[in-house]
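Participant: With this note's numbering, you'll find the sequence shown wraps up at 75, consecutive numbering, no jumps.
Glycine included, each C-beta is placed from N, C-alpha and C at the ideal position.
Model, not experiment: these values are computed from the prediction.
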Amino acid sequence: MTTTLESITDAFLQIDKDWRFSYINAEVERVLSLKREALIGLTM
32 MTTTLESITD AFLQIDKDWR FSYINAEVER VLSLKREALI GLTM
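Structure below.
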């Protein structure tokens with residue numbers, strides 16, 4: 032599934048039950064100009 036989510040051209044992110052970023056694809060990184068490592072685990 033990760034391969035599919037990384038290949039889509041849409042921004043896709045996943046948030047857990049506590050509103051923390053748990054997955055961010057490459058398009059989200061591009062749109063926000065932030066690395067996923069900086070966002071994973073942060074509260075939205």
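(1) Excluding the five sequence neighbours on either side, which residues of its own chain have a C-beta within less than 6 Å of the C-beta of Leu73, listed in chain order?
(2) Bridge partners of Ile55, per DSSP?
(3) Return the CA-CA distance between Val62 and Lys48, expressed in angstroms with no decimal places.
Facilitator: Taking the structure as given:
(1) For Leu73, the CB contacts under 6 Å within the same chain, skipping 5 residues up- and downstream, are Phe52 in chain order.
(2) Partner(s): Leu44.
(3) Taking the straight line from one Cα to the other gives about 24 Å.
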